[in-house]
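Numbering (the numbering used here), first residue to last: 34 to 188.
Even for Gly, the Cβ is constructed at its ideal location relative to N, Cα and C.
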Amino acid sequence: MDSTTQNKMRAELIAPCGMNCALCVSYQAKENDINRQGFHKSYCPGCRPRGKNCAFMKKRCALIGEGQVTFCFECASFPCERLVRLDKRYRTNYHLSMVDNLRFIRDTGMEAFLAAQTEAWRCPSCGGLITCHSGLCLHCQLETLKAKKTYRWDR
Ligand SMILES: [Zn+2]
């Protein structure tokens, strides 16, 4: 198998806020080790693997900061104002909804969610995953990113 199998979805990569770290440019940069190919991206193993619980929410949310909830949908305030703002930013710019993700996980289960995500974000060329931050596959579309470092979803 080629290296795209590294991009397999894992439950550990779903952050408390509903972000799928497998789709994050910093995670995919690390998985594909793109700095060997002339990039200078920061690498991240994912919010949970690096022990941060949630990069987006933890400073503003004691429940997440102290690890008292696994996902935001466990909270009585779900979806709180801060999560709604984050969700709007991601829906607008990155084709991803944390709130939809969390509802899917809550209502349908993690396994079905991961399967659906793998389909939804599959690279049509190599079968890996595209990143939500640019819409590019960092396994087979690095030339596009090299040509335009600010590339965002065809813009
Ligand atoms: Zn690809």
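Drop a sphere of 10 angstroms on the beta-carbon of T164, count the other beta-carbons inside from all chains shown, and report buried for 16 or more, exposed for fewer.
Counting from one through the sequence shown, the residue named residue 164 turns up at place 131. The residue in question, T164, is buried, as its Cβ has 16 or more Cβ neighbours within 10 Å.
Check whether the Cβ of C170 lies closer than 7 Å to any heavy atom of ligand 1, and answer yes or no.
Walking along the sequence shown from the start, residue 170 turns up at place 137. Yes.
Counting C-beta neighbours from all protein chains within 10 Å, is the total for K63 16 or more, i.e. buried, or is it exposed?
As a first step, residue 63 must be located in the sequence shown, where it is residue number 30. In this structure K63 is buried. Its beta-carbon is surrounded by 16 or more other beta-carbon atoms within 10 angstroms.
Please indicate yes or no: does the CB of Q150 lie closer than 7 Å to some heavy atom of ligand 1?
Walking along the sequence shown from the start, residue 150 turns up at place 117. For ligand 1, no non-hydrogen atom lies closer than 7 Å to the CB of Q150.
Cβ shell of H166 (< 7 Å), same chain only, five flanking positions each side left out:
Your numbering for residue 166 matches position 133 in the sequence shown. Correct list, in chain order: C57, V58, Y127.
Assuming contact is defined by CB atoms lying nearer than 8 Å, are A48 and R83 in contact in what I supplied?
In the sequence shown, residue 48 corresponds to position 15, counting from 1. In the sequence shown, residue 83 corresponds to position 50, counting from 1. With contacts defined by Cβ atoms closer than 8 Å, A48 and R83 do not form a contacting pair.
Which of helix, strand or coil does DSSP assign to N134?
Working through the sequence shown from its first residue, we reach residue 134 at position 101. Assigned with DSSP and collapsed to three states, N134 falls in helix.
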